[in-house]
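In the numbering used here, the protein residues as written are 16 to 384. Here is the structure we will look at, set down as structure tokens.
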């Protein structure tokens, strides 16, 4: 195991070995300093020393206090689909991590009719969202208040979804949703760099709703997380969500969902460049394929010709027929990655277990009840 993989497993709390604990203990003081900055910012906004901007339409914020891996993108898509189903004109505002565009520039990724920007100007996540949500404007930029103004004035949005907005206290929100990966017990992780937390775990108290994600992958652990956050937040509403595979498709032939019988036992190389590769490899194995090799790149990695050559070598060495990756990776480097061989990816859906109550809370905040 490379040091990067070891560090990632230690930081996420998945590796509970003595060496992992020693590493996180060494880094703990730096983590305290790191998390103190957003804690001070929260204090200043909470006392109105720093001012939050109130938008003229409802704002639904969805984010987390960890560094990726909670399944936020499928959740954003799910909430947007709920708004579409209820005929609520809305737009999605996102920071755009991993894009090559200027962080100070506000860019319309999709105007709802057409995708206007592709990676690398659009972040892989924003392009993925735009691709899956025709009819919904997607606006990228650091200044989400400026993005919101464009959404309202140009696209007549009546509600805004603030993607990855938990730390963006500059904008007031009508509903603050925090996601937590239920496979990780909260007390097992620390702030960056000792762990993968952006803030102290107590920042969860700022939320209006907590969603425990990927509960289909860790049942008992989800119950423990539920109890922890119920006590921490003094009874804030907690929902449980599943991340389900709705089918597997081949890049370039997305109109056809591949039958599970066609995938059964097929030797396949799995690879990804996301924050939580273990979750993807678990999902990939559930499709029925036989994974001959799993390759994890760093989050938001931009693939190169050398990477493609390595993937080809892995396919040849293992006798694999296929490659499987995430839809997010496909969005980032599709034309390059298809050179490696036949490329598959699973379609993932977010679904709240308590779906009716969850949807009602979203629609109520959007002013539709």
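Glycine is no exception: its CB is placed at the ideal position from the N, C-alpha and C atoms.
Whose C-beta lies closer than 6 Å to the C-beta of residue i among residues of the same chain, with five residues either side of it excluded?
| i | result |
| --- | --- |
| residue 319 | none |
| residue 174 | 72, 73, 103, 105, 381 |
| residue 61 | none |
| residue 285 | 296, 299, 306, 309, 339 |
| residue 362 | 261, 262 |
| residue 240 | 197, 227 |
| residue 145 | 124, 125, 130, 153 |
| residue 224 | 192, 252 |
| residue 327 | 355 |
| residue 65 | 59 |
Tell me which same chain residues have a C-beta within less than 8 Å of the C-beta of residue i, skipping the five on either side of it?
| i | result |
| --- | --- |
| residue 112 | 138, 140, 179, 315 |
| residue 230 | 197, 237, 255, 256, 257, 368 |
| residue 348 | 134, 317, 318 |
Between which two residues does the alpha helix (DSSP H) containing residue i stretch?
| i | result |
| --- | --- |
| residue 220 | Segment: none, residue 220 is in no alpha helix (DSSP H) and carries neither H nor E. |
| residue 55 | 33 to 61 |
| residue 326 | 320 to 333 |
| residue 345 | 342 to 352 |
| residue 292 | 292 to 300 |
| residue 370 | 370 to 380 |
| residue 3 | Since the first residue of the chain shown is 16 and the last is 384, residue 3 is not available in this structure. |
Check this for me: beta carbons of residue i and residue j, under 8 Å apart or not?
| i | j | result |
| --- | --- | --- |
| residue 290 | residue 83 | yes |
| residue 209 | residue 367 | no |
| residue 207 | residue 147 | no |
| residue 337 | residue 274 | no |
| residue 303 | residue 330 | no |
| residue 264 | residue 360 | yes |
| residue 122 | residue 152 | no |
| residue 98 | residue 127 | no |
| residue 108 | residue 166 | yes |
| residue 199 | residue 27 | yes |
| residue 393 | residue 283 | No information on residue 393 is available, as it lies outside the stretch 16 to 384 that the chain covers here. |
| residue 68 | residue 79 | no |
| residue 30 | residue 18 | no |
Measuring alpha carbon to alpha carbon, tell me which of the options ends up nearest residue i.
| i | options | result |
| --- | --- | --- |
| residue 219 | 249, 91, 369, 42 | 249 |
| residue 374 | 163, 94, 353 | 94 |
| residue 259 | 64, 267, 228 | 228 |
| residue 267 | 132, 152, 354 | 354 |
| residue 149 | 130, 163, 18 | 130 |
| residue 185 | 348, 157, 352 | 157 |
| residue 143 | 278, 244, 90 | 90 |
| residue 70 | 162, 335, 371 | 162 |
| residue 352 | 376, 371, 321 | 321 |
| residue 110 | 294, 371, 244, 181 | 181 |
For the beta strand (DSSP E) containing residue i, name the first residue and the last one.
| i | result |
| --- | --- |
| residue 362 | 358 to 367 |
| residue 282 | 282 to 287 |
| residue 103 | Looking at the DSSP string, residue 103 is not in any beta strand (DSSP E), and its letter there is neither H nor E. |
| residue 169 | Premise fails: residue 169 lies in the alpha helix (DSSP H), 159 to 170, not in any beta strand (DSSP E). |
| residue 205 | Residue 205 -> no beta strand (DSSP E), and no H or E assigned at all. |
| residue 79 | 74 to 79 |
| residue 269 | 268 to 273 |
Keeping to the same chain, check which residues put their C-beta closer than 7 Å to that of residue i; ignore five residues upstream and five downstream.
| i | result |
| --- | --- |
| residue 183 | 159, 177 |
| residue 278 | 263, 302, 303, 304 |
| residue 132 | 122, 124 |
| residue 119 | 157 |
May I ask whether a heavy atom of the ligand GTP can be found less than 7 Å away from the beta carbon of residue i?
| i | result |
| --- | --- |
| residue 279 | In terms of ligand content, the structure shown is empty, and the ligand GTP therefore cannot be addressed. |
With contact counted as at least three CB pairs below 8 Å, one residue from each stretch, are the region 214 to 227 and the region 51 to 71 in contact?
-> yes
Does the region 181 to 192 touch the region 73 to 84, meaning 3 or more C-beta pairs lie closer than 8 Å?
-> yes
Decide yes or no for the touch test of the region 280 to 298 against the region 344 to 355: beta carbon pairs closer than 8 Å, at least 3 of them.
-> yes
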